[in-house]
Every structure is written in structure tokens, then in C-alpha cells.
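Working notes for the structure below.
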Amino acid sequence: VISLGVAGDDGLAFARSSYRLDHIPSGNYVKIVTQVDNDPSLVLLEDDDGPGMYSLSLFAVGDWPSDSTEEVRTAPGLSVQYADTSGDGRYMIAVVDGNVHVVETKAEEIAKFFSDEKLEGNRADVGGLSMSVWPQLE
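Position in the sequence shown (first residue = 1) + 2 = the working numbering.
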């Protein structure tokens, strides 16, 4: 018997959440985009049928002591061209059907992003965007 402690005791919070991640079904996943900052849920990039056809899948983990996961996918018919996290890990950046979406990696914000069927929220205005990258030696 594996004991994960008494309910309400936060001392074993990591153990309670990490053991549940093995319930993600097999699939053609390209990478882990992000783990939600305040939740054990994961966002994965999945290779759909066809070249360059990707979708995002959120695997929401049930509250302890449940070990269930629920898969939520981005809206059908929308194609993900890119997905990653910001350098500090606080934001997920996704390019979906040519639109750049910047989403804070908090459970509430990720849930809102995945529940938006037309993905009209969290769009970044990229008109006239320019970038400058300054490499830094470690």
C-alpha cells in the first residue's frame, strides 16, 4: 500500500500529482508544451494526420485523490503551427491558424483558452512586430 498522506496535508503535494501523469493515453505527441503552473495538468502538441497538421491537447488531472485525466483538444478544424512556452515559463505561446495567442500558464487561463471554441481570446497584435535578440553568455 502506498500512502500519500492525509487529505489537506500539502507536504506530499508533488507526489500526489506526479503519480497521476501515467494516465495519458498513447498518441503521436510531438512535445510537452507546458505543465500548468498551479496544477499538474499538461498541454501536449500532437501530430495530426497530414504534414504540418498539429493540435494542442490539455490533459486535465482530477483533484486528489482521483487519478483520472480528461483530454481537452483545441477546436476542431483549427491548425496549430507552433506552440511553446516563454523563456520564463509563465506564458504559453501558440500560433493557431496564423494568429498568435499568448496565454498565462495558470489553470484558469489555460482552461479559458481551451474552452474558447473559435480561439478568439488571448490574441496578440503582431502588426508591425519586430524583435531583437541579445545572446548572453552563461
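Heads up, the beta-carbon is just placed ideally off N, CA and C, and yes, glycines get one too.
- In the three-state scheme derived from DSSP, where H, G and I count as helix and E and B as strand, Lys-108 is classed as coil.
- Of the residues assessed, Ala-62 falls on the buried side of the cut-off, its CB having 16 or more other CB atoms within 10 angstroms.
- Distance from the CA of Val-45 to the CA of Ser-117, rounded to the nearest whole angstrom, comes to 14 Å.
- Cβ-Cβ separation between Ile-112 and Val-38: approximately 5 Å, consistent with a contact (criterion under 8 Å).
- Just measuring C-alpha positions, the residue of Glu-119, Asn-101 and Pro-42 sitting nearest Val-128 is Asn-101.
- The beta-carbon distance between Val-98 and Leu-131, rounded to whole angstroms, is 17 Å. This is too long to meet the 8 Å contact definition.
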